[in-house]
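Asks:
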Amino acid sequence: PSSSEMQRLMNEKAHELFQVCDTEKKGFITKRDMQRLQSELPLSPEQLEHVFDSLDVDGNGFLSLEEFTDGFGGFLGLRSTS
Amino acid sequence: ETKASAGGGNTSETMLANFFNSLLSKKSGGV
Chain A
1 PSSSEMQRLM NEKAHELFQV CDTEKKGFIT KRDMQRLQSE LPLSPEQLEH VFDSLDVDGN
61 GFLSLEEFTD GFGGFLGLRS TS
Chain B
101 ETKASAGGGN TSETMLANFF NSLLSKKSGG V
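Going line by line, the protein sequences match chains A and B.
With the numbering used here, letter number 8 in the first sequence gets 8, and the count goes up by one each step, no holes.
With the numbering used here, letter number 18 in the second sequence gets 118, and the count goes up by one each step, no holes.
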């Protein structure tokens, strides 16, 4: 598949996962949303906080879909074109 | 003090990988 196709698939998947975190459909993820996931994911609160801080590159306390997608792309070894 | 120099970046990459893997399996497991 072409890289733009890969990009599209990655964006779709990132969006799905974003919605898993953003249960209230606010359009962004807060640390509170992450803490809520703690019961469902095998990560400690400290680890979730660390993950949040890593993804929240502008450090405003809100994870946008863009930041989330970027982090997901990094995990997959892809980089979104900025 | 050089807090950041110890450990390196691998730990947070592992955590991120853990996080996304868990989300992916949660997503595929439940509806």
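All C-beta atoms in this analysis are idealised placements derived from N, C-alpha and C, irrespective of residue type, glycine included.
Here the structure is a predicted model, which is why all the values come from computation and not from measurement.
Identify, in the order they occur along the chain, each residue of the same chain with its Cβ nearer than 6 Å to the Cβ of Q19(A), setting aside the five sequence neighbours on each side.
Replies: Nothing listed; no residue qualifies.
Asks: Relative to the alpha-carbon of C21(A), which residue among D56(A), M34(A), G77(A) and V57(A) has its alpha-carbon at the smallest distance?
Replies: Closest option to C21(A), Cα to Cα, is M34(A).
Asks: Can you name the start and end residues of the alpha helix (DSSP H) that V20(A) belongs to?
Replies: Looking at the DSSP string, the run of the alpha helix (DSSP H) that includes V20(A) is S3 to C21.
Asks: Which partner residues of F112(B) appear in the DSSP bridge assignment?
Replies: Reading the sequence as shown, one finds Ser at residue 112(B) and not Phe. Partner(s): none; S112(B) has no beta bridge.
Asks: Residue range of the alpha helix (DSSP H) that V51(A) falls in?
Replies: P45 to L55 is the extent of the alpha helix (DSSP H) around V51(A).
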